[in-house]
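Below is one structure, written out as structure tokens; comments come after it.
Protein chains: 2
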Amino acid sequence: MGRTPAGETREKVFAFVRDRLLAGQPPTVREVQEALGFRAVRTAQQHLERLVEEGRLVAGRHRARGYRLPGSSEGARTVLAPVLGRVPAGALDAAVEDPDGYLPVDARGAAAGDLFALRVRGESMTGVGILPGDLVIVRRQPTAANGDLVVARVGDEATVKTFRSRGRRVELRPENPAFAPIVLDAGAVAILGKVIEVRRILGAHGGTGA
Amino acid sequence: MGRTPAGETREKVFAFVRDRLLAGQPPTVREVQEALGFRAVRTAQQHLERLVEEGRLVAGRHRARGYRLPGSSEGARTVLAPVLGRVPAGALDAAVEDPDGYLPVDARGAAAGDLFALRVRGESMTGVGILPGDLVIVRRQPTAANGDLVVARVGDEATVKTFRSRGRRVELRPENPAFAPIVLDAGAVAILGKVIEVRRILGAHGGTGA
DNA sequence: GACAATACCATACATTTGAATGCCATTGCA
DNA sequence: TGCAATGGCATTCAAATGTATGGTATTGTC
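Residue numbers (the numbering used here), protein chains in the order written: chain A, 1 to 210; chain B, 211 to 420.
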């Protein structure tokens with residue numbers, strides 16, 4: 001009664017732990033033991049210690065289900081941003097109550113409630129790689145700096161544009177030569193937030209369509 | 211000392227637990243207690259029990275960090291895709307061992323281990339709105355259909371291109387008139403996977419750069 | 001005021017779970 | 001042969017953690 005060939009077993013241990021972690025369900029040492037068919041807790045424990053030594057896992061001392069993948073243990077924090085279906089005509093909060101779904105966002109430095117997402121309509125921003133149907137993830141803020149990509153409400157409509165202010169006047173500039181900039185008085189524009197991320201979900205089927 | 215207004219607190223408890231779950235780090239009752247500033251474990255415990263009653267959480271009996279989101283087996287499910295820093299020269303698994311970080315991905319229909327992400331270099335795909343520095347999220351698969359956006363390995367390099375096959379020959383087509391298609395024998399190309407999503411993280415500062 | 005409902009607290013208890021102690025079997029090498 | 005290295009086992013201990021008991025203060029309603 002000895003052992004198993006090469007480092008095969010440890011590879012299986014790592015794969016098991018990694019998959020569980022990626023699925024959001026960190027395993028216990030005993031779950032590893034059972035999954036791999038060890039008859040002693042210690043055996044699973046030793047493999048895990050080994051993986052930590054090799055830097056492939058990170059252990060939290062005395063924490064239940066404390067193993068993590070290196071790099072994901074710190075900083076990375078995921079929150080859900082609601083995808084607003086209707087254009088927010090009034091207060092944003094009203095629209096959030098009935099979202100089209102949620103997008104997981106790696107939010108470092110942005111509180112959960114401060115994020116939302118909108119689907120882009122029109123081709124006014126194709127010059128900066130934002131195509132119709134893309135999702136923009138927005139962090140709420142009432143102001144913007146020149147050059148910021150913002151979501152602004154003009155009248156009843158919300159649009160994604162590049163922000164630029166000239167004194168009392170605000171210019172919402174499209175990034176497509178076929179469209180003209182919108183210039184308004186600052187009082188006629190409400191900045192809903194700043195675009196912090198752009199996503200295009202291609203899905204399982206279909207090509208680029210180009 | 212009494213309490214806090216309406217059901218505000220419970221909402222915060224739920225948000226905290228949900229965020230932690232989505233981040234792949236289920237919290238303990240005491241972590242909830244501490245995060246919300248309760249002075250008794252029991253208080254956090256009661257809120258959690260309440261959330262379970264309301265069906266907003268699911269509890270695992272006597273399991274450490276046992277709270278889950280209901281229906282997490284189906285519906286929106288977030289997994290973390292490793293961002294591969296180096297171009298995968300050999301097997302993909304080797305590169306996954308040392309990722310640059312992880313991206314939260316809403317993976318419906320894709321197993322956790324089947325996803326990874328790469329940072330795009332070069333301007334060969336600007337025609338379909340993929341700019342240098344963008345992140346592509348890829349689902350591993352060894353084959354592709356005409357028109358698919360794929361990550362392929364040619365020699366030591368991995369590139370993002372539109373896939374097209376003509377008999378024994380494979381064409382990797384850039385989406386930028388300034389670049390020429392790459393035409394190779396099928397044996398000289400290895401399909402690493404298919405691009406299912408494109409992301410551009412603009413961050414808190416800076417404009418569009420266009 | 002009586003009473004239910006809500007929110008919270010202090011503490012104890014039981015289970016889960018990470019870590020430690022000590023030992024055996026196989027392999028490879030000097 | 002001797003011996004270090006590896007892979008495994010059985011068991012125990014201690015920390016982490018879910019759960020339960022019992023009590024106080026505030027709010028709202030009849």
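Note that CB positions come from ideal geometry on N, CA and C, so glycine has one too.
- Secondary structure at Phe224 (chain B): helix, using DSSP grouped into helix, strand and coil.
- By the Cβ neighbour-count rule, Gly295 (chain B) is exposed, with fewer than 16 other Cβ atoms within 10 Å of its own.
- Identification of chain B residues near Gly187 (chain A) by a Cβ-Cβ cut-off of 7 Å yields none; the smallest Cβ-Cβ distance measures about 24 Å.
- Rounded to the nearest angstrom, the gap between the Cα atoms of Glu264 (chain B) and Arg240 (chain B) is 21 Å.
- Leaving aside the five residues that flank Asn356 (chain B) on each side, the residues in its chain whose CB is nearer than 6 Å to its CB run, in chain order, Arg374.
- In the structure shown, the three-state DSSP call for Arg30 (chain A) is helix.
- In the pairwise beta carbon analysis, the segment 164-176 of chain A is classified as not touching the segment 225-245 of chain B: fewer than three pairs are separated by under 8 Å.
- Taking a C-beta distance under 8 Å as the contact criterion, Val189 (chain A) and Ala152 (chain A) qualify as a contact pair.
- Of the other Cβ atoms in all chains shown, 16 or more fall within 10 Å of the Cβ of Arg65 (chain A); this residue is therefore buried.
- The beta-carbon of Ala35 (chain A) is placed no less than 8 Å from the nearest beta-carbon of chain B.
- According to DSSP, Asp185 (chain A) shares a beta bridge with A:Arg169.
- When beta bridges are read from the DSSP output, Glu367 (chain B) appears opposite B:Val364.
- Shown here for Leu57 (chain A): same chain residues with a beta carbon closer than 6 Å to its own, the five before and five after excluded, namely Leu51, Tyr67 in chain order.
- The three-state reading of DSSP puts Thr219 (chain B) in helix, counting H, G and I together.
- Short of 6 Å from the beta carbon of Arg199 (chain A), and not among the five residues preceding or following it, lie these beta carbons of its own chain, in chain order: Leu135.
- For Glu175 (chain A), there is no enclosing beta strand (DSSP E), since its DSSP letter is neither H nor E.
- Scanning its chain for C-beta atoms nearer than 7 Å, with the 5 sequence neighbours on each side dropped, one finds around Gln255 (chain B) the residues Val239, in chain order.
- Against Arg65 (chain A), the close residues of chain B are Pro236, Ala274, Arg275, in the order they occur along the chain (beta-carbon pairs closer than 8 Å).
- For Val136 (chain A), the enclosing beta strand (DSSP E) stretches over residues 135-140.
- Between the alpha carbons of Glu259 (chain B) and Val223 (chain B) lies a gap of roughly 11 Å.
- Under the 10 Å beta carbon count, Gly193 (chain A) is surrounded by 16 or more other beta carbons and is classified as buried.
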